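Those letters in the sequence shown? Residues 6 to 82, by this note's numbering.
Virtual Cβ for every residue (Gly too), placed ideally from N, Cα, C.
Nothing here was measured: the structure is a model prediction, and the numbers come from that model.
The next block holds one structure in the form of structure tokens; read it before the comments.
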Amino acid sequence: MNAVVRGIRAFVMFWVDFIIGDDWTVAAAVALALLGTWGLTRMGITAWWLLPLCVLAVTAVSIRRTANREPRHDPSG
Numbered sequence: 006m007n008a009v010v011r012g013i014r015a016f017v018m019f020w021v022d023f024i025i026g027d028d029w030t031v032a033a034a035v036a037l038a039l040l041g042t043w044g045l046t047r048m049g050i051t052a053w054w055l056l057p058l059c060v061l062a063v064t065a066v067s068i069r070r071t072a073n074r075e076p077r078h079d080p081s082g
């Protein structure tokens, strides 16, 4: 593989890792919210509120899932 192809692959993999990160469901939900906002706007509906609302909901769900996955630390020993 030549240097150009390796560079392009590294660039693409960086962005995939940066956007998707640890939880692909968050990235998918934000993408759907962006599509929903675009669709509502195309229909003439003011939709500025949809993206922040979806991001807030997805963040809350992600935090709850992570908190439920983490083992509880018992301070009493």
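Using a Cβ distance threshold of 9 Å, Leu-56 and Ala-33 do not count as a contacting pair. Between Ala-52 and Leu-45, the C-beta spacing is below 9 Å. DSSP, reduced to helix, strand and coil, places Asp-27 outside both helices and strands of the structure shown, so it counts as coil.
For Thr-42, same chain residues with a beta-carbon under 7 Å away, outside a window of 5 residues either side, are Ala-52, Leu-55, Leu-56 in chain order. For the pair His-78 and Gly-12, the Cα-to-Cα distance works out to about 44 Å.
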